[in-house]
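S.K.: Chains as they are written, first to last, in this note's numbering: chain D, 1 to 330; chain E, 1001 to 1800.
Note that CB positions come from ideal geometry on N, CA and C, so glycine has one too.
Remember, it's a predicted structure, so these values are computed and weren't measured experimentally.
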Amino acid sequence: MVEKISETRKSFDEALSKVTNPQSLEELRLKFLSKKGIVNQLFEDFKLTSKEEKKLIGQKLNDLKTYTQSKFNEFIQKLEKEYTVKKAASIDLTLPGKQKEIGSKHIITQTLDEIKNIFKGLGFSIYEGPELESDYNNFEALNFPTDHPARDMQDTFFINQNFLLRTHTSPVQIRLMKEKKPPIRAIMPGKVFRNEAVSAKSYCLFHQVEGLYVDTDVTFAELKGTLVAFIKQYFGSEIKYRFRASFFPFTEPSAEMDIWWQPKGKEGRWMEILGCGMVDPNVLINVGIDPEKYVGYAFGMGIERTTMRKYGIDDIRLLFDSDIRFLKQF
Amino acid sequence: MKISLQWLIDYVDLKDISINEIIDKITFAGLEVEEVVVQSDKYNNMVVGLVKEVKKHPNADKLSLCVVSDGESDYSVVCGAQNVAQDQKIAFAKVGSIIPSNGMKLEKVKIRGEVSTGMICSEFELELGDNHEGILVLDEKLKIGTPLADALGADDVILEVAITPNRCDALSHIGIARDLAAIFNRKIKFPEIQINESKKKSEDFAKVFIEDSVNCPRYVGKVVLGVKILESPDWLKKKLKSIGLRPINNVVDVTNFVLHEIGQPLHAFDLDKLHDNKIVVKGANESEKFSTLDSKDRELTSTDLMICDGEKSVAIAGIMGGENSEVTFTTKNILIESAFFNPSSIRRTAKRLGLSTDASYRFERGTDYDITAWAARRAAQLIQMTSGGEILYGEIDAYPNKIEKRKTILRFSRLMKVLGYSIPESTVENILTNLGFEIISKNNEQIELVIPSFRHDIEREIDIIEEVARIYGFEKIPNVQKISVTLEEKVDQSYFCDNLKNAMNSLSFYELVTNSLLNETISEKFGKPIKMLNPQSSEMSHLRTSLLPGMLQAISNNIKVNEKNLRFFEIGKVFELIHEKEIESFEDFKESEILLIAITGYEIQSEWYEKDIASDFFGLKGNVYALLNKSFPSIKFELTYNINHVNYEEAFTIMHNNKIIGYGGKVKMSVANLFDVSQEIFACEINIDELKKIEQPDRKFKDLLKFPKMVRDLAFVLDTEVESDKVIEVIKTASSNLLHQIKLFDIFQSDSLGKDKKSLAFQLEYFDETRTLKEDEVDKDFRNAIKEVEKTFKAQLRGI
Chain D
1 MVEKISETRK SFDEALSKVT NPQSLEELRL KFLSKKGIVN QLFEDFKLTS KEEKKLIGQK
61 LNDLKTYTQS KFNEFIQKLE KEYTVKKAAS IDLTLPGKQK EIGSKHIITQ TLDEIKNIFK
121 GLGFSIYEGP ELESDYNNFE ALNFPTDHPA RDMQDTFFIN QNFLLRTHTS PVQIRLMKEK
181 KPPIRAIMPG KVFRNEAVSA KSYCLFHQVE GLYVDTDVTF AELKGTLVAF IKQYFGSEIK
241 YRFRASFFPF TEPSAEMDIW WQPKGKEGRW MEILGCGMVD PNVLINVGID PEKYVGYAFG
301 MGIERTTMRK YGIDDIRLLF DSDIRFLKQF
Chain E
1001 MKISLQWLID YVDLKDISIN EIIDKITFAG LEVEEVVVQS DKYNNMVVGL VKEVKKHPNA
1061 DKLSLCVVSD GESDYSVVCG AQNVAQDQKI AFAKVGSIIP SNGMKLEKVK IRGEVSTGMI
1121 CSEFELELGD NHEGILVLDE KLKIGTPLAD ALGADDVILE VAITPNRCDA LSHIGIARDL
1181 AAIFNRKIKF PEIQINESKK KSEDFAKVFI EDSVNCPRYV GKVVLGVKIL ESPDWLKKKL
1241 KSIGLRPINN VVDVTNFVLH EIGQPLHAFD LDKLHDNKIV VKGANESEKF STLDSKDREL
1301 TSTDLMICDG EKSVAIAGIM GGENSEVTFT TKNILIESAF FNPSSIRRTA KRLGLSTDAS
1361 YRFERGTDYD ITAWAARRAA QLIQMTSGGE ILYGEIDAYP NKIEKRKTIL RFSRLMKVLG
1421 YSIPESTVEN ILTNLGFEII SKNNEQIELV IPSFRHDIER EIDIIEEVAR IYGFEKIPNV
1481 QKISVTLEEK VDQSYFCDNL KNAMNSLSFY ELVTNSLLNE TISEKFGKPI KMLNPQSSEM
1541 SHLRTSLLPG MLQAISNNIK VNEKNLRFFE IGKVFELIHE KEIESFEDFK ESEILLIAIT
1601 GYEIQSEWYE KDIASDFFGL KGNVYALLNK SFPSIKFELT YNINHVNYEE AFTIMHNNKI
1661 IGYGGKVKMS VANLFDVSQE IFACEINIDE LKKIEQPDRK FKDLLKFPKM VRDLAFVLDT
1721 EVESDKVIEV IKTASSNLLH QIKLFDIFQS DSLGKDKKSL AFQLEYFDET RTLKEDEVDK
1781 DFRNAIKEVE KTFKAQLRGI
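1. Examine chain E for any beta-carbon lying closer than 7 Å to the beta-carbon of D:CYS276, and answer yes or no.
2. So, are the CB atoms of D:ARG166 and D:VAL198 less than 7 Å apart?
3. Helix, strand or coil for E:VAL1677, going by three-state DSSP, please let me know.
4. Helix, strand or coil: how does DSSP classify E:VAL1224 here?
5. On the DSSP bridge list, what partners appear for E:SER1592?
6. In the DSSP assignment, the beta strand (DSSP E) including E:ARG1470 goes from what residue to what residue?
7. Could you check what DSSP says for E:LYS1015 in three-state terms: helix, strand or coil?
8. In chain D, what lies closer than 7 Å to E:LYS1630 by C-beta?
9. Please identify, using Cβ separations under 7 Å, the residues of the stretch 243-257 of chain D that lie next to chain E, in order along the chain.
10. So for E:THR1330, helix, strand or coil by DSSP?
11. Mind listing the chain D neighbours of E:SER1369? Cutoff is C-beta to C-beta under 8 Å, in chain order.
12. Does any CB atom of chain E fall closer than 7 Å to the CB of D:GLY37?
13. Since E:ASN1045 and E:GLY1103 are thought to touch, with beta carbons under 8 Å apart, how far apart are those beta carbons, to the nearest angstrom?
14. Check this for me: beta carbons of E:ASP1265 and E:LEU1259, under 7 Å apart or not?
15. Give, in chain order, every residue of the stretch 1378-1411 of chain E whose Cβ lies closer than 8 Å to some Cβ of chain D.
16. Check whether chain E comes within 7 Å of D:TYR332, counting only Cβ atoms and requiring the distance to be less than that.
17. Within 10 angstroms of its Cβ, does D:GLY97 collect 16 or more other Cβ (buried), or is it exposed?
18. My understanding is that E:TYR1043 touches E:LEU1148, with C-beta atoms under 8 Å, so please give their C-beta distance in whole angstroms.
19. Would you call the stretch 1163-1175 of chain E and the stretch 1059-1068 of chain E in contact, with 3 or more CB pairs under 8 Å?
20. Of the residues that make up the stretch 39-61 of chain D, which ones have a beta carbon closer than 9 Å to any beta carbon in chain E?
21. Tell me whether E:SER1453 is buried or exposed, calling it buried when 16 or more other Cβ atoms sit within 10 Å of its Cβ.
22. Name the chain A residues that come within less than 7 Å of E:PHE1575, Cβ to Cβ?
23. Going by C-alpha distance, which of E:TYR1495, E:PHE1568 and E:LEU1533 is nearest E:ASN1505?
24. Helix, strand or coil: which one does DSSP assign to D:ASN138?
25. Taking Cβ-Cβ distances shorter than 8 Å, what residues in chain E pair up with D:THR219?
26. Can you say whether D:PHE247 is buried or exposed, counting buried as having 16 or more other CB atoms within 10 angstroms of its CB?
27. What residue does the alpha helix (DSSP H) around E:CYS1497 start on, and which one ends it?
28. In chain order, what residues of the same chain lie with their CB nearer than 7 Å to the CB of E:LYS1659, ignoring the 5 residues before and after it?
29. Work out the CA separation of E:GLN1536 and E:LEU1449 for me, nearest whole Å.
30. Please tell me whether E:VAL1048 has its Cβ less than 7 Å away from any Cβ of chain D.
31. Which of the three DSSP states is assigned to E:PRO1529 in this structure?
32. For the stretch 77-109 of chain D, which residues have a beta carbon sitting closer than 8 Å to at least one beta carbon of chain E?
33. Can you check whether the CB of E:SER1360 is closer than 7 Å to the CB of E:GLY1318?
34. Report yes if the CB atom of E:PHE1793 is closer than 7 Å to the CB atom of E:LEU1718, and no otherwise.
35. Could you tell me the boundaries of the beta strand (DSSP E) in which E:ARG1298 lies?
36. Please state if the CB of E:ALA1182 and the CB of E:GLU1277 are separated by a distance shorter than 7 Å.
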């Protein structure tokens, strides 16, 4: 047995010195080191030997195993080194990688995603609604009386007397409140339309995010706090803001929120960012919610202007012109 | 609306408050100051100058060469005006000043060889009047070197205030002053009227009859005899000019002044032109023609409210007077009209006529029905001040049904509930009193209020809460720092599309947002479009029935700038009529959400590692498959050569349980050509509403395969027209359930195979989840498959 061990060691050394290519290396591994190789076979034989013999050979056998395995590993490392040096000489690794491209969402979608994520974190659900709306949902139910100058605030594309392209996302409030009982806390993003001439400053459509919270203990102070939390997350905690009174037929009291906007090297100014207020009791009555028991707040913001300011885009038409040179920038 | 600060402080004392604070506070209270013009800024670098010398310009007949002194230095100035003369005091604009009329910055220049260091200005250039014939000659008593702004009395600050449509009461200087008084907790100063009235009574010189008291609840008339129509005095002209109005004559100017003072529109009739000295308020005759003051003929309908005399119409009520009764330089006796009209009646007529005046703007928002008599007296007083005349005693007050002021209550608990903050009761009372509310009773819980006649926007408790909050200041109501969230299921209806968008991005597609509005010709080529009643232009007159035209236009625009390899998608709504009839309900049209995917140009072009690969049918199909297969494995593609699709050739439909989910293929050249595109486009439209309805399979973990797979390759020679899908079908049917996957891995065509023949090579994968397969059972399965394919397609086994 002892002899067998030393013979094996000798023949392994000899075989290793003769290895010239990966195949002969693999042959060597199979012959000596694999499960059915010589070394393992010796261990099988070892099991059959007597106790005294075991004492004698155990250590030697273990040494053999360690020796052959480490010699083999050393040899592989040497081979790999040589191979790398050779390979480097024949391949130009500075060639560009095989091209892969990730597309992108439209910059408006990206902005909407950011806004949605912030409000989701504040416990809001997300609902959507149709773009072709009834005059009732878009105006009447939202407390815009017929023949009232408030209707002039939004230039409307009419389909006929009773149907129109929604001028704001607020009709989704109506749909939601009719469908669901309070508490309702949701934002409603979507496309809206205004009958305005297309120019660098205005387009016939844009996107809004509407917000609504109706419950028994909703307050104006909470509306303010929630919106401040939103703009701080969106613009950074240093953002300066103000609330000023305004008018929307569907909220009362109504307010607009401005933020202080100062692009580098330019004069700063207050910029309107959203309209908000407490849901007018008439609106709650119109959807069958008791305005004495429930209070609500609502807000709505345009996405385009905010996006354009944030990224320094000066012509709104660029957003809808689908120029790949524009799209690839975001 | 323009508000003059000088004018404003006639009604509320604001001397101790800075202009910036005034601007901030009224903006916070809902009267947004959009622009501030400091008049003196206009005349920076301009002074009163003295013309010391005037000579002819040596090189130009029409020009003169002047020496102008500003009291310190002399300047040589070239002047083109004929009226320039020695010793005149003139408006001298120095180098560096900006000429108000054209925004031009003055520089030292040479005019026909002579140096000119400044300019002698005309009235027009200073925006003081229309006269640009000659220079403005100033009062000779003025001191040389005085800043021009001081010399002109241009010491005012003009605010451009945006008034929201509810604030009918704020459309005047007193209206704004009232809010400021409430904000700064002080009292408003109403102008006092002291007039000398004669013994003759107004009602003996004119009569008023209201036939339509719904649309004209109150009509006050007051007569002034023997007026002289003159130019207005300077103070009046200055006030009107400061807010951008052009002075006309003392009577017209007074009516305009009162309108901007208190917000009550007035009209002055030439009393002698009123037949029978009579006013009748009634509806117009159908199709009546009427010439308004602006010399335009208007056609009326019977719903338009008119002011008539004994025989004819003399004014369109609340909108504009008529030429036939207007005040002219020969007018002697006048009737002042101060009325209250029904807002919606005025609005309907003004809107239909496309005629908006200062008067109609206020009437359609609602004026103060209680101020009519006061306003008439105020106008009479000012007319007498400016032109003498005899004010007749009293007013003719046609007021058939007295309007009762509304009342409401405010509960302090409700104020607290809505705002989330408690405002002291005394502050609440002060605010409301200063705004003109009358408190008729109060206790610890609530106050009862009379709503002033000028606040048509206030009716309910919530309206009072808003008044208190906006005057108190939103900024003083603290933001909550904590919110509670109800623990109910949250919904995200946009999640589905967001996921599709993410998947499209990872497949290298860019998202578009295109216009939903198209022109008639294009929209009709793609479906039954819905037409708009009032389009902005004929280019955007119809709603899109498909996203394809927007996509093709986008591709076309990009190709024009040499961007030819494109991968785009859009998710958007399309609209289609269901019946060929007017939309009366939501059932008459369909609004669907669509995903459109398009590829064109090359997928790979000019790369070192690969030959060019053009975008093609299979590129499209592969992307659509990648998008849908994981979530919707039950979806199938069906080729539809037999369906003559409008927009696609080499078309496929995407099916689920015999329902069409979408379709796509190569866009027909004739369709692409509509958008000047000649390169091949492959596109696919998927109906997201239908896709959402498909139940997604349960996502359950399946044990990983513990036994080896066995793989067999084979190739057949087949007729060219045999479809790979059909071969796969046959292999499947002929095999046992040990066969789990069939992959087509090679297609080969060559004359050596024979005419109209091709070779298809497949790899078949066998395994069993519970055991290791035996060679011979797989071989048996494999042979069955071969036999069946050979039989079905007369195929020849080419190799295994």
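M.R.: Per the coordinate set shown:
1. no
2. no
3. coil
4. strand
5. E:VAL1574
6. No beta strand (DSSP E) holds E:ARG1470; the alpha helix (DSSP H) holding it covers 1461-1472.
7. coil
8. Near E:LYS1630 there are no residues of chain D at all, since even the closest Cβ is about 18 Å away, more than 7 Å.
9. PHE243, ARG244, ALA245, SER246, PHE247, GLU252, PRO253 and ALA255
10. coil
11. Looking at the sequence provided, one finds Tyr at residue 1369 of chain E rather than Ser. Within 8 Å Cβ-Cβ: nothing; E:TYR1369 doesn't reach chain D, min ~18 Å.
12. no
13. Wrong, their Cβ atoms sit about 14 Å apart, outside the cutoff.
14. Contrary to the premise, residue 1265 of chain E reads as Pro rather than Asp in this sequence. Cβ distance < 7 Å, so E:PRO1265 and E:LEU1259 count as in contact.
15. none
16. The structure shown does not extend to residue 332 of chain D, since chain D is modelled only from 1 through 330, so no value can be given for it.
17. exposed
18. 4 Å
19. no
20. none
21. buried
22. No chain A is part of this structure, whose protein chains are labelled D and E.
23. E:PHE1568
24. helix
25. LYS1417, VAL1418, LEU1419, GLY1420, TYR1421 and VAL1480
26. buried
27. 1495-1506
28. GLU1690
29. 47 Å
30. no
31. coil
32. LEU95, PRO96, LYS98, GLN99, LYS100, GLU101, ILE102, GLY103, SER104, LYS105, HIS106, ILE108 and THR109
33. yes
34. yes
35. 1297-1299
36. The sequence shown places Asn at residue 1277 of chain E, not Glu. Cβ atoms of E:ASN1277 and E:ALA1182: not closer than 7 Å.
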